[in-house]
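Read the structure below first, then the notes.
Number of protein chains: 2
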Amino acid sequence: MTTEASAAGPPLDREAFVARLREEGERRYHDRHPMHVRMHAGKLSREQIQAWVLNRFYYQTRIPIKDAIILSKSDSPAFRRMWMHRIVDHDGAQEGEGGLAQWLRLAEGVGLDVDEVKSLRRVLPQVRFACDAYVQLVRERPLVEAVASSLTEFFSPDIMAKRIVAWETHYPWVAEATLAYFRGRVTRARRDSHEAIDYVLEHATTREVQERCVDALITKTDILWALLDAVDRAHPDEVAG
Amino acid sequence: MTTEASAAGPPLDREAFVARLREEGERRYHDRHPMHVRMHAGKLSREQIQAWVLNRFYYQTRIPIKDAIILSKSDSPAFRRMWMHRIVDHDGAQEGEGGLAQWLRLAEGVGLDVDEVKSLRRVLPQVRFACDAYVQLVRERPLVEAVASSLTEFFSPDIMAKRIVAWETHYPWVAEATLAYFRGRVTRARRDSHEAIDYVLEHATTREVQERCVDALITKTDILWALLDAVDRAHPDEVAG
Numbered sequence: 000m001t002t003e004a005s006a007a008g009p010p011l012d013r014e015a016f017v018a019r020l021r022e023e024g025e026r027r028y029h030d031r032h033p034m035h036v037r038m039h040a041g042k043l044s045r046e047q048i049q050a051w052v053l054n055r056f057y058y059q060t061r062i063p064i065k066d067a068i069i070l071s072k073s074d075s076p077a078f079r080r081m082w083m084h085r086i087v088d089h090d091g092a093q094e095g096e097g098g099l100a101q102w103l104r105l106a107e108g109v110g111l112d113v114d115e116v117k118s119l120r121r122v123l124p125q126v127r128f129a130c131d132a133y134v135q136l137v138r139e140r141p142l143v144e145a146v147a148s149s150l151t152e153f154f155s156p157d158i159m160a161k162r163i164v165a166w167e168t169h170y171p172w173v174a175e176a177t178l179a180y181f182r183g184r185v186t187r188a189r190r191d192s193h194e195a196i197d198y199v200l201e202h203a204t205t206r207e208v209q210e211r212c213v214d215a216l217i218t219k220t221d222i223l224w225a226l227l228d229a230v231d232r233a234h235p236d237e238v239a240g
Numbered sequence: 000m001t002t003e004a005s006a007a008g009p010p011l012d013r014e015a016f017v018a019r020l021r022e023e024g025e026r027r028y029h030d031r032h033p034m035h036v037r038m039h040a041g042k043l044s045r046e047q048i049q050a051w052v053l054n055r056f057y058y059q060t061r062i063p064i065k066d067a068i069i070l071s072k073s074d075s076p077a078f079r080r081m082w083m084h085r086i087v088d089h090d091g092a093q094e095g096e097g098g099l100a101q102w103l104r105l106a107e108g109v110g111l112d113v114d115e116v117k118s119l120r121r122v123l124p125q126v127r128f129a130c131d132a133y134v135q136l137v138r139e140r141p142l143v144e145a146v147a148s149s150l151t152e153f154f155s156p157d158i159m160a161k162r163i164v165a166w167e168t169h170y171p172w173v174a175e176a177t178l179a180y181f182r183g184r185v186t187r188a189r190r191d192s193h194e195a196i197d198y199v200l201e202h203a204t205t206r207e208v209q210e211r212c213v214d215a216l217i218t219k220t221d222i223l224w225a226l227l228d229a230v231d232r233a234h235p236d237e238v239a240g
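In structure tokens:
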């Protein structure tokens, strides 16, 4: 996506850079994916909802791993102190707490066998490839680009707020209490995206690095999109015979 | 160090494996290094003490990085919850707290310029190579071996307790309050080594893996030894002319 032409020239000012990140991210964000649109419109079957929850759990398990890699790339105690809470958010301060445990309660809420979900046995290969590519991106790229890849958090508070309403409306068979993960993400993703964008604005000081940050964000949207593509293809709508 | 012969055969039982780790680690631990012996006997000059503190700071800065890499190698929220406090121990819960800040106060206590220490400009190349080799070992080896490399903590509570007495006795020009890092490590290293050995005992279940864990611990002692060697060679005793 990064062209020689766009990477040349002076750096964008803060406002223009944020606008560019938002624009490139927003138009590729997975809320535009056909399966996601159908999810929020109440068109998914129980089996499709289950397949999404089961496969997306693999993505969730990769998040603390990629955040630990991000920690390990920083020389700054201040940065590490700021970033560390992300790992605690997912792992919890103790057993049964945190985002991963909440996601497993969601899995139970949609009628899945929690042990099978935890085993990751039924995760689609394409979903693994996409999520592993996210971990690999963070491992291989410089810290500022790894941080930029997390900026899909710009868009997730809105999507989470909409998702809660959509699920409560269209999938009443899912117990409301099991939607706690989505609820927690509304405020957490907002705080996280502020921390991340501040870091990116401070450290992406050339046009070339700015464009590599945009590229990292685009790759991240590709990853989220590929996850939905894989689930959608493996669990198509049933055609009325 | 691992020979084909020793790696064959049934796994050592817990007691024999712990004994082997302790034996191989203990006889190579850096408290036997000539410079370390001279340090605790009160034979080092102010300039030699300063050189050790300045160079050892580079080692300290690598610790949270290698611990974040260890976090990123684990799929288990329970393991990550257990290991995470190591990063907090070094980085602190806020600015000015934690082991790195304590080490900088020690640097000030021995009369070094703290900003110069933080800049890492005067760190000896051989010290960098050794400490970077530690990070690389943790990055490249399986989790259980990375954890085993931390088992020098078996020996550090004793050495820290002795060091506090030695420094108070022989280097009274170092303000007692600046020895807080050594004091904190007595109990922290004891807790950390228990967590680490429990993990290694549970996961090193074949003789081959047990020997690779011993090898990781030996490499770690080589790293600590190399650090002292480099400082010793660059700052030899002054020969009375």
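Chains as they are written, first to last, in numbering that gives the first Met the number 0: chain A, 0 to 240; chain B, 0 to 240. Idealized CB from N, CA, C, for every residue including glycine. This structure is a prediction, so every number in the text was calculated from the model and none was measured.
Limits of the alpha helix (DSSP H) - the one that residue i falls within
i, result
"residue 178 of chain B", "No alpha helix (DSSP H) holds residue 178 of chain B; DSSP gives it neither H nor E."
"residue 92 of chain B", "Counting along the chain, residue 92 of chain B falls outside any alpha helix (DSSP H), and DSSP gives it neither H nor E."
"residue 111 of chain A", "Here residue 111 of chain A belongs to no alpha helix (DSSP H), and DSSP marks it neither H nor E."
"residue 138 of chain A", "124-139"
"residue 56 of chain B", "45-71"
"residue 150 of chain B", "Run containing residue 150 of chain B: none; DSSP gives neither H nor E here."
"residue 225 of chain A", "206-233"
"residue 15 of chain B", "13-25"
"residue 35 of chain A", "33-39"
Closer than 7 Å at the beta carbon, the chain A residues around residue i
i, result
"residue 145 of chain B", "In chain order: nothing, as chain A lies at least about 12 Å away."
"residue 90 of chain B", "76, 79 and 80"
"residue 67 of chain B", "67, 70 and 71"
CA nearest to the CA of residue i, picked from the options
i, options, result
"residue 178 of chain A", "A/215, A/214, A/153 and A/100", "A/100"
"residue 180 of chain A", "A/234, A/12, A/26 and A/105", "A/105"
"residue 20 of chain A", "A/212, A/237 and A/233", "A/212"
"residue 236 of chain A", "A/205, A/41 and A/128", "A/41"
"residue 134 of chain B", "B/215, B/14, B/80 and B/157", "B/215"
"residue 74 of chain B", "A/73, A/59 and A/69", "A/59"
"residue 116 of chain A", "A/50, A/33, A/8 and A/26", "A/50"
"residue 186 of chain A", "A/157, A/167 and A/166", "A/157"
"residue 151 of chain B", "B/232, B/190, B/201 and B/175", "B/190"
"residue 78 of chain A", "A/202, A/217 and A/219", "A/202"
"residue 165 of chain B", "B/83, B/36 and B/17", "B/36"
"residue 26 of chain A", "A/234, A/232 and A/218", "A/218"
"residue 126 of chain A", "A/7, A/182 and A/232", "A/232"
"residue 76 of chain A", "B/72, B/95 and B/80", "B/95"
"residue 83 of chain A", "A/220, A/120, A/67 and A/123", "A/67"
"residue 142 of chain B", "B/69, B/32 and B/121", "B/69"
Residues near residue i in its chain [Cβ-Cβ closer than 8 Å; skip 5 each side]
i, result
"residue 48 of chain B", "38, 109, 170 and 173"
"residue 62 of chain B", "85, 89 and 98"
"residue 107 of chain A", "113 and 177"
"residue 131 of chain B", "61"
"residue 46 of chain A", "234"
"residue 200 of chain A", "13, 16 and 17"
"residue 182 of chain A", "159 and 163"
Own chain residues within Cβ distance below 7 Å of residue i, not counting five before or after
i, result
"residue 155 of chain B", "184 and 188"
"residue 10 of chain B", "204, 205, 206 and 209"
"residue 65 of chain B", "133, 134 and 137"
"residue 161 of chain A", "39"
"residue 153 of chain A", "21, 24 and 192"
"residue 6 of chain A", "206, 207 and 210"
Partners in chain B for residue i, counting only beta-carbon separations shorter than 8 Å
i, result
"residue 86 of chain A", "70, 79 and 83"
"residue 63 of chain A", "70, 76 and 79"
Beta-carbon contacts of residue i that lie in its chain and below 6 Å, excluding the five residues immediately before and after
i, result
"residue 129 of chain A", "222, 225 and 226"
"residue 1 of chain B", "With a pLDDT of 48 at residue 1 of chain B, under the threshold of 50, the modelled position of this residue cannot be trusted; read the value that follows with caution. 210 and 214."
"residue 230 of chain A", "50, 51 and 54"
"residue 34 of chain B", "227 and 231"
"residue 30 of chain A", "158"
"residue 72 of chain A", "142"
"residue 102 of chain B", "56, 59 and 180"
Partner residues on chain B for residue i, Cβ-Cβ distance less than 7 Å
i, result
"residue 124 of chain A", "By Cβ distance, chain B contributes nothing, its closest Cβ being about 18 Å from residue 124 of chain A, past 7 Å."
"residue 94 of chain A", "77"
Amino acids of chain A, ordered along the chain, whose beta-carbon sits closer than 8 Å to that of residue i
i, result
"residue 97 of chain B", "76"
"residue 244 of chain B", "Residue 244 of chain B falls outside the range modelled here, since chain B spans only 0 to 240, and no answer is possible."
Contacts of residue i in chain B (Cβ-Cβ under 9 Å)
i, result
"residue 194 of chain A", "Here the premise fails: no neighbours, minimum Cβ distance about 15 Å."
Between the region 225-233 of chain A and the region 46-58 of chain A, do at least 3 Cβ pairs fall closer than 8 Å? yes
Specify whether the region 139-149 of chain B and the region 193-205 of chain B touch according to this definition: at least 3 beta carbon pairs, one from each stretch, less than 8 Å apart. yes
Pairing CB atoms from the region 132-139 of chain B with CB atoms from the region 204-211 of chain B, are three or more of them under 8 Å? no
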